[in-house]
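A.B. asks: Residue numbers 636 to 708, in my numbering, belong to the letters of the sequence shown in order.
Please read through the structure below; I'll follow up with questions.
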Amino acid sequence: VYEKLPEHFDNVGFYRMNMMKSIENLRLAEGMGVEVTPTTKVFCGGSEVGEIVGYRSLDDAVAEIETIIKECP
């Protein structure tokens, strides 16, 4: 699902991080409040504007992200 999300959005960056790959990644994830995977954080203008926790189908993930980014300028 994650790999297909960029196909549905123009001008949106998607970045992936494995929080278990290193202690630095784990600390970053914990610092951002990530407790379970998958967690998708949505940022606009450098500020977090939304979060999706848990697995979603592609259609559901696209719909949730669209709803969140509607509020972005």
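We put the CB at the ideal spot given by N, CA and C, even for glycine.
What you are looking at is a predicted structure, and each value in this text was computed from that prediction instead of being measured.
Looking only at its chain, what residues have a beta carbon closer than 6 Å to the beta carbon of Val677, apart from the 5 residues adjacent to it on each side?
C.D. replies: Val684, Gly685 and Ile703
A.B. asks: Quick one: Cα of Asn646 to Cα of Arg662, how far?
C.D. replies: 29 Å
A.B. asks: Using DSSP bridges, identify the partner residues of Gly685.
C.D. replies: Val677
A.B. asks: Rounding to the nearest angstrom, what Cα-Cα distance links Cys679 and Lys656 in this structure?
C.D. replies: 26 Å
A.B. asks: Starting from the Cα of Val688, find the closest Cα among Ala696, Phe644 and Cys707 and give me that residue.
C.D. replies: Ala696
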